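Here's the structure, in C-alpha cells; my notes come after.
Residue numbers (our numbering): 48 to 383.
Structure follows, in C-alpha cells:
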C-alpha cells in the first residue's frame, strides 16, 4: 500500500497496487475532480511532484503532449509504484456521497428491452451503496480497461445491480456483455458520478435521456418517487431514440407509485420517415428541441438531469446555457 500526499494540504490517502489514484482518493472521501473516469475527458489531471507512477493507458486522449511535458497525469489512469506527492485542485463538490468499493459479481439475469438495449443483473459478493443516477465500472476478464454503466435501480444499498446497456457496434465491452453466459463473473467498482439525485432540491425535475441514457434517468425517477417528503410537484421525462422501435421506458415508469399523478413522459424520434405513423404523444426531432418546445419558459425553475450520446449532451448543455439556467441545477456525467 502506497501513501499519496496532496501538496499544500495535510490530506493524504492510501493507494493499493493496481488501483488508480483517482479511485483511491475517492475511496478515502477526498474530492478529487473527475468526469468520465475512463481517460477521455481530462478533468482528473494532476501534477506529479515526487514519486513514481505508471499509466494504464499512456495514449489516453484526456492528456496532451504539453501535459506530459509538464509531468501531468490522469487520475483515472495513474497507478502508484511508490509513495508520491501530487498537486491537484481538490474540490469538496467531488467528495463522494458513497465511498466506492470493489466487489466480484456474477451475471444472474438478462432481458431485452428493445432490439439492441438489454438489462443485465449482477449479484455482488458485497453490497454496494449508491445514489440514484450514479454508475459503476465493470471490469471484464478479457477486455482491456473498465466500462462505465449506470445502475437503473433507485439508490440504496444493494447486492443486486441492474444495468441497461445498448449494444454498440464494434464496442468490445458491450459485445462481451451481450454474449456473456449467466454465471460468468466480473469485477464491479463503484459508485461514481456527479449526476445523482439532489433529494432536497425544491424544484420540479426534468429528466432527459437517449440510448443507454435510459438507465440513470429511470434510476432518478425511481429514487425521486420513493422519497417520503417530495420537494417537487412534477417529473418530466423525455426520452429520445432514432426510430420508433427504440422508444422504451414508460412501462418501468408506470410501475412507480404516484407516477400517474406526478409523472409526464414524452418520447422523441429523430429518424422517423415523413410517412411513418407515430403514437399521438410521440414527438419528431431531437430531445433538446422538445425541451425547448415544452419547457423553455420554465427551465430556470427545474432541477435538470440528462444522459445520452455526446452530441445530445452537447446540444442540451448549449440550450441550458442559452437560457441562463444556473449550473448548480444542471447534472450530467461526461462520457465519450
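Backbone N, C-alpha and C define an ideal beta-carbon position, used for all residues, glycine too.
Being a predicted model, the structure only gives us computed values, none of them experimental.
Look at residue i and residue j and say whether their C-beta atoms are less than 7 Å apart.
i           : j           : result
residue 212 : residue 259 : yes
residue 30  : residue 284 : The question about residue 30 has no answer, for the chain in this structure spans 48 to 383.
residue 82  : residue 361 : no
residue 86  : residue 124 : yes
residue 177 : residue 202 : yes
residue 94  : residue 118 : yes
residue 251 : residue 363 : no
residue 62  : residue 160 : no
residue 315 : residue 337 : yes
residue 438 : residue 73  : Nothing can be reported for residue 438: it is not among the residues displayed for the chain, which extend from 48 to 383.
residue 367 : residue 377 : yes
residue 174 : residue 204 : yes
residue 317 : residue 292 : no
Report the three-state DSSP secondary structure of residue i (helix, strand or coil).
i           : result
residue 92  : strand
residue 353 : strand
residue 100 : strand
residue 342 : helix
residue 61  : strand
residue 330 : strand
residue 372 : coil
residue 112 : helix
residue 263 : helix
residue 50  : strand
residue 85  : coil
residue 347 : helix
residue 244 : coil
residue 250 : coil
residue 47  : Only positions 48 to 383 of the chain appear in this structure, which leaves residue 47 out of reach.
Suppose you measure from the CA of residue i to the CA of residue j; what does that come to, to the nearest Å?
i           : j           : result
residue 110 : residue 89  : 6 Å
residue 157 : residue 198 : 14 Å
residue 133 : residue 162 : 47 Å
residue 70  : residue 195 : 13 Å
residue 52  : residue 310 : 47 Å
residue 226 : residue 319 : 30 Å
residue 304 : residue 271 : 10 Å
residue 103 : residue 115 : 15 Å
residue 371 : residue 64  : 45 Å
residue 149 : residue 324 : 47 Å
residue 57  : residue 105 : 30 Å
residue 384 : residue 49  : Outside the displayed range of the chain (48 to 383) lies residue 384, so it cannot be described from this structure.
residue 54  : residue 135 : 8 Å
residue 308 : residue 276 : 16 Å
residue 359 : residue 351 : 14 Å
residue 77  : residue 182 : 18 Å
residue 138 : residue 68  : 15 Å
residue 240 : residue 208 : 16 Å
residue 21  : residue 344 : This structure leaves residue 21 out entirely; the chain is present only between 48 and 383.
residue 164 : residue 265 : 14 Å
residue 238 : residue 120 : 23 Å
residue 245 : residue 154 : 30 Å
residue 249 : residue 328 : 28 Å
residue 152 : residue 206 : 9 Å
residue 112 : residue 92  : 13 Å
residue 269 : residue 346 : 22 Å
residue 374 : residue 80  : 17 Å
residue 59  : residue 379 : 29 Å
residue 253 : residue 340 : 14 Å
residue 122 : residue 191 : 18 Å
residue 193 : residue 263 : 18 Å
residue 274 : residue 107 : 40 Å
residue 326 : residue 306 : 20 Å
residue 66  : residue 331 : 45 Å
Does residue i come within less than 7 Å of chain D when only Cβ atoms are used?
i           : result
residue 322 : The chain inventory of the structure shown lacks chain D, comprising one protein chain alone.
Could you pull out every unbroken alpha helix (DSSP H) segment of at least 4 residues lying fully inside the segment 198-236, listed in chain order? 219-226
3-residue-minimum beta strand (DSSP E) runs that sit fully inside the segment 121-201, ordered along the chain: 125-127, 131-134, 148-159, 164-177, 182-186 and 194-197
To test your reading of the DSSP string, which unbroken alpha helix (DSSP H) runs of 4 or more residues are found completely within the segment 269-333? 297-301 and 306-309
Assess contact between the segment 116-130 and the segment 138-148, defined as three or more Cβ pairs (one per stretch) separated by less than 8 Å. Is contact present? no
Flag this pair as touching only if the segment 177-189 and the segment 224-236 have three or more C-beta atom pairs under 8 Å; answer yes or no. yes
Segment contact, 8 Å Cβ cut-off, at least three pairs: the segment 212-221 with the segment 168-176: no
Would you check if the segment 270-290 and the segment 300-319 touch, i.e. whether three or more CB-CB distances between them fall below 8 Å? yes
Tell me whether the segment 253-267 and the segment 338-358 touch, counting them as touching only if at least three CB pairs, one residue from each stretch, are closer than 8 Å. yes
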